[in-house]
Amino acid sequence: MKKYPHIFEPLDLGFTKLSNRILMGSMHTGLEEDKPDLSRLAAYFEARAKGGVGMIVTGGISPNRRGWLTPFSAKMTTKREAHKHQIITEAVHKYDTKICMQILHAGRYAYHPFSVAPSKIKAPINPFKPFALSNSGIRRTINDFRKSSKLAKLAGYDGVEIMGSEGYLINQFLVERTNKRTDEWGGSFEKRARLPIEIIKSIREEVGDDFIIIFRLSMLDLVEGGSSWDEIVRLAKMIEAAGATIINTGIGWHEARVPTIATSVPRGGFAWVTKKMMGEVNIPLITTNRINTPEMAEQILKDGSADMISMARPFLADPEFVNKAKAGRSDEINTCIGCNQACLDHVFSKKIASCLVNPMACHETEISLEPVKSEKKIAVVGAGPAGLAFSAAAAERGHKVVLFEASSNIGGQFNLAKRIPGKEEFYETLRYFAKKLEINNVELRLNQRADSKVLEEGGFDSIVVATGIRPRTPGIPGIDHAKVISYIDVLEGRVEVGDKVAIIGAGGIGFDVSEFLLHEKREEPNPETIEHFMDFWGVDMQFEEKGGLAVAAEVKPLREIYLLQRKSEKVGARLGKSTGWIHRSKLKKNKVKMMQGIQYEKIDDQGLHIKIKEKSVVLDVDNIVICAGQISNRDLYDSLGGNHDVHVIGGAFQASELDAKRAIDQGVRLAQEI
Ligand code: FAD
Ligand code: NAP
Ligand code: SF4
Numbered sequence: 217m218k219k220y221p222h223i224f225e226p227l228d229l230g231f232t233k234l235s236n237r238i239l240m241g242s243m244h245t246g247l248e249e250d251k252p253d254l255s256r257l258a259a260y261f262e263a264r265a266k267g268g269v270g271m272i273v274t275g276g277i278s279p280n281r282r283g284w285l286t287p288f289s290a291k292m293t294t295k296r297e298a299h300k301h302q303i304i305t306e307a308v309h310k311y312d313t314k315i316c317m318q319i320l321h322a323g324r325y326a327y328h329p330f331s332v333a334p335s336k337i338k339a340p341i342n343p344f345k346p347f348a349l350s351n352s353g354i355r356r357t358i359n360d361f362r363k364s365s366k367l368a369k370l371a372g373y374d375g376v377e378i379m380g381s382e383g384y385l386i387n388q389f390l391v392e393r394t395n396k397r398t399d400e401w402g403g404s405f406e407k408r409a410r411l412p413i414e415i416i417k418s419i420r421e422e423v424g425d426d427f428i429i430i431f432r433l434s435m436l437d438l439v440e441g442g443s444s445w446d447e448i449v450r451l452a453k454m455i456e457a458a459g460a461t462i463i464n465t466g467i468g469w470h471e472a473r474v475p476t477i478a479t480s481v482p483r484g485g486f487a488w489v490t491k492k493m494m495g496e497v498n499i500p501l502i503t504t505n506r507i508n509t510p511e512m513a514e515q516i517l518k519d520g521s522a523d524m525i526s527m528a529r530p531f532l533a534d535p536e537f538v539n540k541a542k543a544g545r546s547d548e549i550n551t552c553i554g555c556n557q558a559c560l561d562h563v564f565s566k567k568i569a570s571c572l573v574n575p576m577a578c579h580e581t582e583i584s585l586e587p588v589k590s591e592k593k594i595a596v597v598g599a600g601p602a603g604l605a606f607s608a609a610a611a612e613r614g615h616k617v618v619l620f621e622a623s624s625n626i627g628g629q630f631n632l633a634k635r636i637p638g639k640e641e642f643y644e645t646l647r648y649f650a651k652k653l654e655i656n657n658v659e660l661r662l663n664q665r666a667d668s669k670v671l672e673e674g675g676f677d678s679i680v681v682a683t684g685i686r687p688r689t690p691g692i693p694g695i696d697h698a699k700v701i702s703y704i705d706v707l708e709g710r711v712e713v714g715d716k717v718a719i720i721g722a723g724g725i726g727f728d729v730s731e732f733l734l735h736e737k738r739e740e741p742n743p744e745t746i747e748h749f750m751d752f753w754g755v756d757m758q759f760e761e762k763g764g765l766a767v768a769a770e771v772k773p774l775r776e777i778y779l780l781q782r783k784s785e786k787v788g789a790r791l792g793k794s795t796g797w798i799h800r801s802k803l804k805k806n807k808v809k810m811m812q813g814i815q816y817e818k819i820d821d822q823g824l825h826i827k828i829k830e831k832s833v834v835l836d837v838d839n840i841v842i843c844a845g846q847i848s849n850r851d852l853y854d855s856l857g858g859n860h861d862v863h864v865i866g867g868a869f870q871a872s873e874l875d876a877k878r879a880i881d882q883g884v885r886l887a888q889e890i
């Protein structure tokens with residue numbers, strides 16, 4: 217019997233059949249605008265099609281200039297553009313995979329001065345105020361969706377997805393929050409719903425019956441004045457009647473203040489929303505958000521919560537996700553840890569998307585692990601993310617790799633990261649690397665601290681030093697006081713921490729330690745329940761109010777925490793663009809006092825003496841946790857003579873602004889060259 221029978225049951229759409237129930241959901245990667253052609257985007261999609269996914273939806277392509285998310289972003293308005301896309305559909309169609317083009321009109325989320333919306337109301341996350349569309353402007357927009365679909369068909373796509381969620385133009389028409397019109401496109405629900413329905417009807421008329429039309433329906437807006445559940449069900453029925461083939465689930469507008477895809481969202485945390493819709497329509501429903509393993513996908517399908525599963529980022533992390541699951545090798549899947557660091561955060565800063573755990577994502581034409589011509593014997597010192605990534609990739613190419621690790625586990629600092637409540641996914645990366653070392657026959661020597669003697673005597677052709685970092689100890693008078701503890705001691709549970717705590721350093725680790733100290737000690741891994749998550753963020757699972765919002769639960773902080781930094785900028789300003797706000801609001805709800813512009817004076821029995829705005833203050837805390845950054849641990853590297861081919865990567869190479877993304881990327885790129 218197959219391991220995931222529900223995933224691998226084909227989905228019959230009448231005129232065509234999908235080979236399995238997994239959709240690679242839409243993601244903008246930046247390759248959509250690549251010059252001179254779309255060959256990199258084609259290579260990226262081809263790798264996922266080869267990996268067995270049933271259907272792909274492209275990143276959002278605009279039907280006209282007004283609908284551009286940013287100036288000069290991809291659009292589908294001419295035959296020339298359609299021909300450029302053929303390289304994508306041809307690449308995907310070498311495999312049993314369908315591909316649909318997403319048509320996205322950004323409406324008031326467009327980041328340019330000529331954006332349009334139902335009404336002239338600025339979005340809270342965008343400095344540009346939109347123009348209100350005229351009646352003829354709406355008619356032209358419908359026609360542009362129709363034309364884009366015709367061109368998508370010409371380009372060889374199997375269908376289109378109409379982006380009707382996440383707070384973009386269509387969603388803006390649907391709700392009173394953004395639609396204040398009094399003509400035939402606003403007012404009553406039927407009038408607000410007219411735009412999406414006319415778009416679907418018009419596209420169906422244009423493309424005929426044998427073309428997939430997916431409608432991405434916002435089933436939970438998570439904003440005040442959003443749609444009611446009753447309206448969403450009515451709309452779903454109207455979408456079906458208008459000619460859509462499939463309804464995909466959209467969760468939360470971009471301006472919503474509830475996390476929807478971050479790693480702290482419990483796995484499958486929003487499948488309950490699609491489940492509520494099951495049985496209301498006769499066309500298939502797709503569910504989405506924070507589904508990242510075949511086990512989770514199978515369970516959701518088995519529970520009858522959806523007909524199909526959409527996963528987007530998991531396909532950046534592992535293009536072969538589906539084939540590995542099919543072959544019963546799910547323990548070899550490189551799991552998306554929901555960090556957003558190389559995908560969303562890259563896109564927000566106008567960089568090509570990639571993946572923290574898989575730097576090859578979106579760089580398929582640039583990084584590849586070809587078999588080596590002559591095998592080398594390579595010593596790798598340190599099994600943190602840098603050493604692991606290098607070892608796994610170099611061994612995959614055919615080198616003989618010996619990996620030395622001083623401690624009893626692989627993972628380096630990821631063993632601390634995985635203990636942070638909400639970061640349980642980091643366990644998966646360690647599971648993945650352990651498996652990769654095993655299948656690529658890396659010789660792992662745990663509990664063995666490598667020194668220059670061991671390395672000299674080992675007869676290695678090359679040595680890769682990946683010895684990581686050491687925590688920085690700031691030179692504050694009294695730093696040796698018994699109240700002072702390191703983040704490592706705290707996270708490893710080696711010290712008892714009091715009720716009142718000051719944290720010196722408000723970088724990623726200062727935030728993580730604050731989060732850790734706000735939770736009771738717990739068995740690991742122990743992710744938050746969906747119910748608790750929804751309570752904390754104020755989501756109404758009964759859906760009695762419009763938008764699905766409820767009053768958030770009152771939080772009783774476990775400790776009194778001061779999170780301090782010397783810089784005068786807002787605390788947390790340098791955290792990831794897509795996740796920093798989540799960390800800040802969690803600490804705020806727990807009444808953590810985040811203070812910037814601090815000078816540290818001394819530490820003594822009274823506590824931590826600081827100066828803020830030229831005023832001296834004593835924080836009478838039980839403990840002071842040092843999270844003041846790190847320095848490179850490169851003594852070994854410095855001690856190795858020039859007789860070897862020696863390389864240094866990760867934190868040992870450079871500690872400042874180090875993160876796992878850089879460590880893994882450096883490891884893989886070195887393995888490609890060595
Ligand atoms: P390390 O992880 O430090 O690994 C070095 C390894 O070398 C260790 O296992 C050590 O035991 C071993 N070693 C040292 N000397 C020797 C020797 N002589 N012989 C044998 N072995 C030796 N990064 C992110 O990108 N995203 C996050 O969300 C994130 N969260 C974090 C949360 C916490 C609490 C912490 C502590 C870190 C977090 N990081 C995060 C940072 C990330 O873990 C580091 O950037 C990354 O681990 C650096 O990798 P590395 O391989 O260079 O070094
Ligand atoms: P960090 O981000 O560099 O932060 C170090 C903090 O220590 C800063 O707030 C800094 O602020 C303070 N500091 C530096 N020198 C000091 C000194 N001499 N005395 C007192 N304070 C000092 O480093 P980190 O928090 O240790 O994190 C390490 C890396 O892990 C980071 O690069 C980060 O990207 C990564 N990480 C990422 C995440 C994530 O969620 N993405 C989570 C955890 C860690 P002031 O100088 O203003 O005081
Ligand atoms: Fe997933 Fe992080 Fe990779 Fe994005 S960068 S795909 S969130 S693991």
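The number in our numbering is simply the position in the sequence shown, starting from 1, with 216 added.
Glycine included, C-beta positions come from ideal geometry on N, C-alpha and C.
Check                                                                                                                                                   : Outcome
Quick check on the burial criterion: 16 or more other C-beta atoms within 10 angstroms. Buried or exposed for Ala326?                                   : buried
To test your reading of the DSSP string, which unbroken alpha helix (DSSP H) runs of 4 or more residues are found completely within the region 400-450? : 405-408, 410-423
Since Lys369 is in the alpha helix (DSSP H), which residue starts that stretch and which ends it?                                                       : 351-370
When DSSP builds the beta bridges, which residues end up paired with Gly375?                                                                            : Cys316, Ile428
Can you check whether the CB of Val618 is closer than 8 Å to the CB of Gly675?                                                                          : no
Excluding sequence positions up to five away, which residues of its chain have a Cβ less than 8 Å from the Cβ of Gly246?                                : His562, Val563, Lys566, Lys567, Ile568, Ala569, Cys578
Mapping the DSSP letters down to three states, classify Phe759 as helix, strand or coil.                                                                : coil
What does the alpha-carbon distance come out to for the pair Leu632 and Met576?                                                                         : 26 Å
Taking the alpha carbon of Asn464 as the point to measure from, which residue in Arg710, Asn574, Asp523 has its own alpha carbon closest?               : Asp523
Can you tell me where the alpha helix (DSSP H) with Val563 in it begins and where it stops?                                                             : 560-564
So is the beta-carbon of Ile685 under 7 Å away from any non-hydrogen atom of ligand 1?                                                                  : yes
Could you check where the beta strand (DSSP E) with Lys518 kicks off and where it finishes?                                                             : No beta strand (DSSP E) holds Lys518; the alpha helix (DSSP H) holding it covers 510-518.
Spatial neighbours of Arg782 within its chain, please: C-beta separation below 6 Å, excluding the five flanking residues on both sides.                 : Ile814
If Lys542 and Glu548 are in contact, beta carbons under 8 Å, what's the gap, nearest whole angstrom?                                                    : No, Lys542 and Glu548 are not in contact; Cβ-Cβ is about 12 Å, not under 8 Å.
With Lys542 as the anchor, note down where its alpha helix (DSSP H) starts and where it stops.                                                          : 537-542
Rounded to whole angstroms, how far is the Cβ of Ile419 from the Cβ of Leu433, which I believe are closer than 8 Å?                                     : Not a contact, Cβ separation roughly 15 Å.
Are the beta-carbon atoms belonging to Val273 and Gln318 less than 8 Å from one another?                                                                : yes
What is the residue span of the beta strand (DSSP E) that Phe620 lies within?                                                                           : 616-620
Just curious, the alpha helix (DSSP H) that Arg885 is in, first and last residue?                                                                       : 876-889
By Cβ distance, which residues of its chain are closer than 6 Å to Asp312, with the 5 residues on each side in sequence left out?                       : Ser235
What is the DSSP secondary structure of Lys310, reduced to helix, strand or coil?                                                                       : coil
Consult DSSP for Glu654 and reduce its assignment to one of helix, strand or coil.                                                                      : helix
Going by beta-carbon coordinates alone, are Val681 and Val862 separated by less than 8 Å?                                                               : yes
Name, in chain order, the residues that DSSP records as bridge partners for Arg665.                                                                     : Arg665 is not bridged to any residue.
According to the neighbour-count rule (16 or more other Cβ atoms, all chains shown, within 10 Å of its Cβ), is Phe231 buried or exposed?                : exposed
Quick check on DSSP: helix, strand or coil for Arg296?                                                                                                  : helix
Is it right to say Glu731 is buried, meaning 16 or more other beta carbons lie within 10 angstroms of its own, or is it exposed?                        : buried
Buried or exposed for Ser352, please, with buried defined as at least 16 other CB atoms from any protein chain shown within 10 angstroms of its CB.     : exposed
Spell out the partners DSSP gives Gly230 in its beta bridges.                                                                                           : None, per the DSSP bridge assignment.
Would you be able to state if there are at least three C-beta pairs under 8 Å between the region 416-430 and the region 375-386?                        : yes
Going by DSSP, which residues form a beta bridge with Asp253?                                                                                           : Beta-bridge pairing links Asp253 to no other residue.
Can you tell me whether Thr461 is buried or exposed? The criterion is at least 16 other CB atoms within 10 Å of its CB, across all chains shown.        : buried
Since Lys877 and Gln515 should fall inside the 8 Å C-beta cutoff, what is the C-beta to C-beta distance between them, to a whole number of angstroms?   : Lys877 to Gln515, Cβ: 30 Å. No contact.
List the endpoints of the continuous beta strand (DSSP E) containing Ser570.                                                                            : Run containing Ser570: none; DSSP gives neither H nor E here.
Mind pulling the beta strand (DSSP E) runs of 3 or more residues that sit fully within the region 704-784?                                              : 716-720, 776-780
CB Ala722 to CB Gly788, shorter than 8 Å?                                                                                                               : yes
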